[in-house]
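Enquirer: Just so you know, the sequences run in chain order C and H. Every position in the first sequence, counted from 1, becomes a number in my numbering once 65 is added. Every position in the second sequence, counted from 1, becomes a number in my numbering once 211 is added.
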Amino acid sequence: MTGTRRGAPTARQIRAGDRRALARAISAVENGAPEADALLKELYPTTGRVRVVGFTGPLGVGKSSLINALVAHLRGRDRRVAVVAVDPSSPFSGGSVLGDRIRFDRPASDEGVFFRSMASRGAAGGVAAATRDAARLLDAAGFEEILVETVGSGQVDIAIRDIASTSVVVLVPHLGDEVQTLKAGLFEIADVFAVNKSDLPGADSARRDLVELAALGGGRDGWRTPVVLTSTLGPTGIPELWDAIVAHEAFLDRSGGRPAAERRRLAKEIVGRVRDRVDAELTDGLESDPALRRLLDRVASRDVDPRTAAEQLLRARRRSR
Amino acid sequence: MTVRSKKAPVRVLIAKPGLDGHDRGAKVVARALRDAGMEVVYAGLRQTPEEIVRAAVEEDVDLIGLSILSGAHMALFPKVLALLKKEKAGRIPVFAGGIIPDEDARRLRKAGIRAIFGPGASLDEIVRTAQRLARPRA
Ligand code: B12
Ligand SMILES: Nc1nc2c(ncn2[C@@H]2O[C@H](COP(=O)(O)OP(=O)(O)OP(=O)(O)O)[C@@H](O)[C@H]2O)c(=O)[nH]1
Ligand SMILES: [Mg+2]
């Protein structure tokens, strides 16, 4: 199977920047392979130094093209850049066509870039379960900037905030009604707005609308979300977009908001991991554990209600600790 | 949400080497493999052999599919195979399709392209071949 057949990748290989080991390690994380747990435990202490920038927004607004342009900009400044681009898995077949790589046009000889496509594998919220740990592996491998593209969707995907320290919401001119429906989500998530395809008519009025929207928000924790016009055709606005991202990162340091945000993300990750484990154990148990099966029988026959059953399960778990 | 018991999906890279702009076949094949439950990295048009090999390594694919309708297959396919070996990724199987005359197909198979399909090839057969090549022991 991917990542196991050829010997497990080691922490040493990852730290040395071995690209094949890195690629296999990401697969191991995606597949929930046991060697991934060991690897991430070993690498964790030296990760977390690198900022992760997220890009979200509706289908086809140009997230991949923008990331490609930013990669070129960053390579021009000699920064080592990694990209993780997430596309949806089909709920029917479980398969996926991962198409973000089409926009990636770095020369094959450029060793300072790493691009990985990733299927969401049923995770909600626009990123995959493995995206955060993939970013940690890339961090450990020495990449200095990590850019994450979420699944393009009708809605703004919130889960990127659990991974990225700066989230860029990418929109295009004439999203009028769509922006209306996105409003609440936009407030919650955008640290920077990019109005891409600004070569098309309507870009200036889109910018005005968003500036107004940002002002209405009153500035989250004192940050006024900037609006940057970009086009990947020139390209134009790319250095300005990066500067806005860096300005938000500087704000996080200046305002002291970074450690709090990081703690919030980590707390959420821990709770999420516990929830997933308990979920899997209980779901299994309700079928295979005789005591749990009896409890489920009694709920089904209306002798016990679901709330009481849940209470009993929680109490039983606590006692068994 | 890691489901440990579930089998990991096959990952396939589909790419079009060279300047050939005919991408229907590549897209049709990509979709068929997706519908069979595979994760298909679609690298798109105008890929150099170097880019294809690099993508295969970074994406950690189990299989590479090349599509050419322009006639440049005799130059480009062996180049991809040679580069894979050079990058120590020679174990990744490569299959292909497009407009490839029988005589060329014979020679390419000898050179190491594992299977070749032409116009009208059955998608079911392509999927079965992909499964067999990607997971020989499954
Ligand atoms: C549609 C078409 C076009 C469209 C392409 C649209 C597009 N975006 O794809 C347009 C009009 C743009 C076009 C242009 C040209 N075309 Co044209 N075109 C065709 C045509 C009629 C059909 C191709 C097609 O889409 N088939 C449908 C798909 C589904 O089939 P397929 O690609 O063969 O794929 C199947 C198999 O081959 C296989 N397969 C394919 N790829 C892969 C990959 C893997 C991994 C696997 C496992 C299987 C596999 O599985 C698929 C499913 O069965 C063919 C003739 C023909 N009968 O093939 C000519 C043909 C390919 N074109 C040809 C030529 C010469 C051109 C042009 C140079 C100019 C011209 N004279 O028209 C330009 C060049 C364009 C360019 N930039 O490269 C020639 C090529 C000659 C050669 N190789 O020696 C052909 C063969 C016509 C001919 N008999 O002369 N073309
Ligand atoms: N006019 C114009 N078109 C653009 C621009 N940027 C991207 N596009 C086009 O928009 C289309 C989608 O671009 P992508 O970069 O794939 O968009 P995306 O948001 O990554 O798409 P998904 O990942 O599918 O949601 C492509 O046809 C691009 O060529 C731009 O600045 N101006
Ligand atoms: Mg994209």
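Note that beta-carbon positions come from the ideal geometry of N, C-alpha and C, so glycine has one too. This structure is a prediction, so every number in the text was calculated from the model and none was measured.
Please list the terminal residues of the continuous alpha helix (DSSP H) segment that includes D349 of chain C.
Expert: One-based indexing of the first sequence puts residue 349 of chain C at position 284. Its alpha helix (DSSP H) spans residues 322-353.
Enquirer: Between which two residues does the alpha helix (DSSP H) carrying V291 of chain H extend?
Expert: Within the second sequence, the letter at position 80 stands for residue 291 of chain H. Unbroken alpha helix (DSSP H) run through V291 of chain H: 284-297.
Enquirer: Could you pull the start and end residues of the alpha helix (DSSP H) that V338 of chain H belongs to?
Expert: Stepping through the second sequence from its first residue, residue 338 of chain H is reached at position 127. Counting along the chain, the alpha helix (DSSP H) containing V338 of chain H begins and ends at 334-345.
Enquirer: What separation, rounded to the nearest whole angstrom, lies between the Cα atoms of N133 of chain C and F169 of chain C?
Expert: The residue given as residue 133 of chain C occupies position 68 in the first sequence. The residue given as residue 169 of chain C occupies position 104 in the first sequence. Each residue's alpha carbon lies about 5 Å from the other.
Enquirer: Out of H:V338, H:L334, H:P228, H:R222, state which residue places its alpha-carbon closest to the alpha-carbon of P289 of chain H.
Expert: Here residue 289 of chain H is taken as the residue at index 78 of the second sequence, counted from 1. Nearest option by C-alpha distance: H:P228.
Enquirer: For chain H, find out if any of its Cβ atoms is closer than 7 Å to the Cβ of E176 of chain C; answer yes or no.
Expert: Numbered from its first residue, the first sequence carries residue 176 of chain C at position 111. Closer than 7 Å: no.
Enquirer: Go to L278 of chain C, then tell me how far its alpha helix (DSSP H) extends in each direction, as first and last residue.
Expert: Taking the first sequence and counting its residues from 1, one reaches residue 278 of chain C at position 213. Residues 268-281.
Enquirer: Once DSSP output is grouped into helix, strand and coil, what is the label at V252 of chain H?
Expert: As a working mapping, residue 252 of chain H is identified with position 41 in the second sequence. DSSP places V252 of chain H in strand when its eight states are reduced to three.
Enquirer: How many Å lie between F157 of chain C and R186 of chain C at the Cα?
Expert: Counting from 1 along the first sequence, the entry for residue 157 of chain C is found at position 92. Counting from 1 along the first sequence, the entry for residue 186 of chain C is found at position 121. Whole-angstrom Cα-Cα distance: 11 Å.
Enquirer: With contact counted as at least three CB pairs below 8 Å, one residue from each stretch, are the segment 314-333 of chain C and the segment 351-360 of chain C in contact?
Expert: Short answer: they don't touch.
Enquirer: Runs of 3 residues minimum, wholly inside the segment 201-248 of chain C: which ones carry the beta strand (DSSP E) assignment?
Expert: Runs found: 210-214, 231-236.
Enquirer: Taking 6 Å as the cut-off, does the CB of K106 of chain C come closer than this to any heavy atom belonging to ligand 2?
Expert: Translated into positions along the first sequence, residue 106 of chain C becomes position 41. Not under cutoff, so the answer is no.
Enquirer: State yes or no: is the C-beta of T215 of chain C within less than 7 Å of the C-beta of H313 of chain C?
Expert: Here residue 215 of chain C refers to the residue found at position 150 when the first sequence is read from its first residue. Here residue 313 of chain C refers to the residue found at position 248 when the first sequence is read from its first residue. Against a cut-off of 7 Å, the Cβ pair of H313 of chain C and T215 of chain C comes out as no contact.
Enquirer: Spatial neighbours of A340 of chain H within its chain, please: CB distance less than 6 Å, with the 5 preceding and 5 following residues excluded, ordered by chain position.
Expert: Locating residue 340 of chain H in the second sequence gives position 129, where the first residue counts as 1. Looking at the sequence itself, residue 340 of chain H is Thr, so the reference to Ala does not match. Within the same chain, T340 of chain H has close Cβ partners A326.
Enquirer: Run through chain C and tell me which residues come within less than 7 Å of G255 of chain H, C-beta to C-beta.
Expert: Residue numbering aside, residue 255 of chain H sits at position 44 when the second sequence is read from its first letter. In chain order: I167.
Enquirer: Between R235 of chain H and ligand 1, is the CB less than 6 Å from at least one heavy atom?
Expert: Taking the second sequence and counting its residues from 1, the one referred to as residue 235 of chain H is at position 24. Because some heavy atom of ligand 1 lies under 6 Å away, the Cβ of R235 of chain H counts as near it: yes.
Enquirer: Can you tell me whether DSSP reads F316 of chain C as helix, strand or coil?
Expert: For the purposes of this step, residue 316 of chain C is taken as residue 251 along the first sequence, with counting starting at 1. Three-state DSSP puts F316 of chain C in a helix.
Enquirer: Using only the alpha-carbon positions, how far apart do E107 of chain C and A76 of chain C sit?
Expert: As a first step, residue 107 of chain C must be located in the first sequence, where it is residue number 42. As a first step, residue 76 of chain C must be located in the first sequence, where it is residue number 11. Cα to Cα, E107 of chain C sits roughly 7 Å from A76 of chain C.
Enquirer: Check V257 of chain C in the structure and name its three-state DSSP category.
Expert: Taking the first sequence and counting its residues from 1, the one referred to as residue 257 of chain C is at position 192. Strand, per DSSP.
Enquirer: In this structure, does DSSP put A81 of chain C in helix, strand or coil?
Expert: Walking along the first sequence from the start, residue 81 of chain C turns up at place 16. Of the three classes helix, strand and coil, the one that applies to A81 of chain C here is coil, per DSSP.
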